[in-house]
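Chains as they are written, first to last, in our numbering: chain A, 1 to 747; chain B, 748 to 948. Note that CB positions come from ideal geometry on N, CA and C, so glycine has one too. Computed from a predicted model, the values in this text were never measured in an experiment. Report on one structure; see the data block that follows.
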Amino acid sequence: MATVLEEVSGRPGGSNPSTEIETVRYDDAIVRLFVMATLIWGLVGMLVGLVLAVQLAWWPANGLGEYFTYGRLRPLHTNAVVFAFAGNAVFAAVYYSSQRLLKARMFSDVMSKFHFWGWQGIIVAAAITLPMGYTQTKEYAELEWPIDIVTTLVWVVFAVNFFLTLRNRREKHLYVALWFYIASIITVAVLHIVNNLVIPTGLFTSFSMYAGVHDAMIQWWYGHNAVAFLLTTPFLGLMYYFLPKAADRPVFSYRLSILHFWSIVFIYIWAGPHHLHYTSLPEWASTVGMVFSIMLWMPSWGGMINGLFTLRGAWHKLRDEPVLKFFVVGITFYGMATFEGPMMSIKTVNALSHYTDWTVAHVHAGALGWNGFMTFGMIYWLIPRLWKTKLWSTRLANTHFWLGTIGILLYIIAMYSAGITQGLMWRAFDETGRLMYPDFMETVVAIMPMYWVRVLGGSLYFFSATLCGVNLFMTARSAPKDLSDPVVQVARPAWRDRQVMASTVNYDEALFGLQDKLKHGWHRLLEGWPAVFSVLVLVAISVGSIVEIVPMLLVRNNVPTIATVMPYSPLELEGRDIYIKEGCVSCHTQMIRPLRSEIERYGEYSKAGEGIYDRPHLWGSKRTGPDLARLGGKYPHLWHVRHMEDPRSTSPSSIMPSYPWLLTKSLDLGSTQKKLEVMMMLGVPYTIDQADQAIDLAQAQALEIAREIAEQGGPEGLEDKEIVALIAYMQRLGIDIKREQPRGARR
Amino acid sequence: MNAPNKSASLPEPSEQDDVLITGHDYDGIMEYDNPMPGWWLAILYLTIVWSIFYVAGMGLGFINSYEDDLKHSMIEINEMRRGAVAAAPNVDQSYLAGLVGNAEVIDTGRQAYAFSCAVCHAAEGQGQIGPNLTDDHWLHGGELVDIYKAIYDGVPAKGMPAWGSVLSSAENVALAVFIDSLRGTEPANPKAAQGKPMGGD
């Protein structure tokens, strides 16, 4: 492959390669588009985040109707800030810097445009389908299968465009920023495809190919590495280009770049299971995830060191240069978050931090500090260059910086405080061996003031980001009419033609030639071989992935079966889909950890064998409300009816949204049979009879539940409403393990 | 190699040992040939050694698994509980009867009722999701000790949670006494009687 690349020659035209000057026009129009999209979607995503923060602090803010509850909007926020804000920022960085680092225009303007508009289309599709409740529920992989297919297509076009630009390059060796871009493009493709393997049950509905423990394992291999290869590595690439540019300083250490690049790429991919400590994931996987997270600390800090040390001799520039201010604070938050991450991956620390707002603090230190500030720094550096005029107001940019920084600090201090407070309250026992705070609500009420501080911090950050929008808008308005592509003259590189002439050399000459190539080290050689480099990256990320995932899927005793655990009834399956649609998993976990405080509060800890019919798993990652893994049978049906209609009627200080439409919306059994058939295809032991009679079975169970509700003094006539399906599901949660015999023929 | 004419705009090295690598010039960005910081490498190696040690420890069993840790912590908590049970009074019919009419106990019970019971049995005990507690009919027995037992152990099959380990022992006792005191209060909108009448079989 490498030699193929070397042999590409004689193009574009020219018979005298060593002296010819070539003209290169960089495509900056596409960068302008990506920059504008970054800001617009960034503001949208942050605004949704702010709405969520208000909803958590003040539950009536959920009252805008079923499409705007916390559960529906939460994935919209995460998708918007990760894929729309950070995603577009990464593309802007890649398109601007790659062309210049390679001295080549992007391979195809059509592909660039397709990439841009395709990506914006995906985001619009997300913004429509997520509030409608179409979701795969797996975090950061919520979008349903048709959108996933389009995403794959757009990503492939991006990759082809990028790699063919590498082939057309006029710079022999790849700079470190490009290494990080290569790793990001390859790995995101692998992660996206593997984690989104589903069997459709409808146009916007599907079941995961994996169940329970397997599904969780693959989801967090994905989830963790989406953070790695969308929010870390491409931003390191961004830093390696824009920071030395802005500071006008050489990069601190080339050798450090090499070691920290390869160690990040190799180690990061292993760390996913630290998201599943104390769950029913086998402990060996948890342990592997933890030790690799610890080993990831220094590789991550390599980037911080190279970034901050590059500024030696340029610190005075921070005084009046907002770009560098953003970069320095961004890199500092990166260093903080990549120290904290390994720390939180230590099992005993995780026992306290997991499911609390500590995780939320950690994520936002990274997202607001690192991703946000690196993006804003880049944008302020790019605006005058892309619009060919002075930045409208440097003072406004400085104001943005200070307000944003204060916003981040308020946000994360509030969330650390809330997380640690609640984590300690959950596990506190009094001197008689009872839980000190048996009522979950006490632990929620205690942190409410912190939720308001978060609203304040988030508002500041959002407001400060709008200042960037104003600055961009005003600068663009005063831009010259002619924004034609910048043109550079580049000497046609001789190395492109060398290989053809070398094809007749003898053995000795070849050997000396190799020696000559290796005189700057093996890595230097590799930097001139993008194809080999990319294959090695693929190998590096595959090792950890394969070692963790393959045995998990193949070795049966990783998930010991439990004889009494049976598939869901058709009605329960429908109820589960309503649970998924409403986004209950955003606030409620279904995973009781083997910790005494959890067993005391929720019941026997969750076992791997309990989840074998859960496609996808619904373990959750945050407990804004209590765990529901053993909810079944805890309350009468009527309690659930009242609770869904108005949570305050059963739990006076609850912050949960009301779901009155569940009592009025008709239950759709249109695809119930199809769902059972797909489950059978995936190996769930339903009989053909059960699938054929799925609707009858569901209606019979619904009638029974509705009758019991009426008997308990509740409303009549709920048998064809969504609420009965949801109740059927919730009453089933966690009870199979308590049975002595498997539940016989399912109703 | 490429673009060698850049040297005119070379920045001054900030420290004497900074050496630029020739040939590394990418769109004007150059690189120093600095070594990796020693402390950085040292910590990297240390984390690798520690990881090997930890994995070995899990494999050989000198680091506790989740199950081991759980077992130890449960032993600890059970000891605390045994101590608490030994110190608590023996709750039987005569003990409970001795507290009937005690205003302080009834007040404790009233507060615990508002927190734990009112959502299902309604604010004044007239019943809603759960049965009426003010009439003479009882599903699980109406003696003080029966009420106490229903509170303490719950009736999981019917959705009544067990409060024994949630509320303090004083609150469990006070609740039984308070609920006993509700009998015959005749609040508005009572739920229809369920279960057997007191005294009748």
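{"query": "Segments assigned alpha helix (DSSP H), at least 4 residues, entirely inside the region 839 to 895 of chain B", "result": "840 to 844, 850 to 863 and 865 to 868"}
{"query": "Exposure label - A:G404; buried when at least 16 CB within 10 Å", "result": "buried"}
{"query": "Burial state of B:A850 (16 or more Cβ within 10 Å)", "result": "exposed"}
{"query": "Per-residue DSSP class, three states only, for A:F376", "result": "helix"}
{"query": "Where the region 780 to 799 of chain B meets chain A: residues whose CB sits under 7 Å from a CB there", "result": "D780, N781, P782, M783, P784, W787, I790, L791, T794, I795, W797 and S798"}
{"query": "Inter-stretch contact at 8 Å, needing at least 3 Cβ pairs: the region 160 to 172 of chain A / the region 513 to 520 of chain A", "result": "no"}
{"query": "Partners in chain B for A:Q712, counting only beta-carbon separations shorter than 8 Å", "result": "I876"}
{"query": "A:K721 and A:S666 closer than 8 Å at C-beta", "result": "yes"}
{"query": "Beta-carbon separation (whole angstroms), A:F252 vs A:T310, contact threshold 8 Å", "result": "5 Å"}
{"query": "Proximity of A:W302 and A:M239 at Cβ, strictly below 8 Å", "result": "In the sequence as displayed, the identity of residue 302 of chain A is Gly instead of Trp. No, they are not a contact pair."}
{"query": "Chain A residues whose Cβ lies nearer than 8 Å to that of B:E814", "result": "P594"}
{"query": "Through-space distance from B:F800 to B:L807, alpha-carbon basis", "result": "10 Å"}
{"query": "Coil, strand or helix - A:V565 by DSSP", "result": "coil"}
{"query": "Check whether A:I592 and A:A629 have beta carbons under 8 Å apart", "result": "yes"}
{"query": "Nearest candidate by alpha-carbon position, reference A:V329, set A:T151, A:H275 and A:I408", "result": "A:I408"}
{"query": "Reduced DSSP secondary structure (H/G/I, E/B, other) of A:S208", "result": "strand"}
{"query": "Against chain A: residues of the region 929 to 945 of chain B by CB proximity under 8 Å", "result": "K938"}
{"query": "Cβ contact (3+ pairs, closer than 8 Å) linking the region 409 to 426 of chain A and the region 345 to 355 of chain A", "result": "yes"}
{"query": "Proximity of A:G749 and A:T561 at Cβ, strictly below 8 Å", "result": "Coverage of chain A is limited to positions 1 through 747, which leaves residue 749 of chain A absent and any answer about it impossible."}
{"query": "Three-way DSSP call (helix, strand, coil) for A:G278 in this model", "result": "Before going on, a small fix: residue 278 of chain A reads as Tyr here, not Gly. A:Y278 falls in the coil class under three-state DSSP."}
{"query": "Rounded distance between the beta-carbons of A:Y95 and A:F798, thought under 8 Å", "result": "Chain A is shown from 1 up to 747; residue 798 of chain A falls before or after that span and cannot be answered."}
{"query": "Cβ of B:C867 within 8 Å of any chain C Cβ", "result": "The chain labelled as chain C is not found among the protein chains of the depicted structure, namely A and B."}
{"query": "Inter-residue spacing [alpha-carbon to alpha-carbon] between A:V555 and A:I346", "result": "26 Å"}
{"query": "Amino acids of chain B, ordered along the chain, whose beta-carbon sits closer than 9 Å to that of A:Y416", "result": "None at all; the shortest Cβ gap to chain B is about 24 Å."}
{"query": "Sheet register partners of B:I776 (DSSP bridge)", "result": "B:Y773"}
{"query": "Cβ neighbours of B:H887 in the same chain (closer than 7 Å, five flanking residues each side left out)", "result": "D893, A897 and V902"}
{"query": "Cβ of B:L807 within 8 Å of any chain A Cβ", "result": "no"}
{"query": "Reduced DSSP category for A:Q99 - H, G, I as helix; E, B as strand; rest coil", "result": "helix"}
{"query": "Beta-carbon neighbours of A:F429, restricted to chain B and to distances below 9 Å", "result": "I824 and M827"}
{"query": "Interface flag, B:A755 vs chain A, CB-CB below 8 Å", "result": "Note that B:A755 scores a pLDDT of 41, beneath 50, so its modelled location is shaky; the value from the coordinates is reported in the next line. So no, B:A755 is outside the interface."}
{"query": "Positions along the region 222 to 245 of chain A whose CB lies within less than 9 Å of some CB in chain B", "result": "Y240, Y241, P244 and K245"}
{"query": "For A:G202, three-class secondary structure by DSSP", "result": "strand"}
{"query": "Under 7 Å from the C-beta of A:Y635: neighbouring residues of chain B", "result": "G906"}
{"query": "Chain B within 8 Å of A:T294, Cβ atoms only", "result": "The sequence shown places Ile at residue 294 of chain A, not Thr. By this cut-off, A:I294 is an interface position."}
{"query": "Span of the alpha helix (DSSP H), counted from its first residue to its last, around A:E283", "result": "E283 to M295"}
{"query": "Amino acids of chain A, ordered along the chain, whose beta-carbon sits closer than 9 Å to that of B:P704", "result": "Lying outside 748 to 948, the shown extent of chain B, residue 704 of chain B is not represented and no answer is given."}
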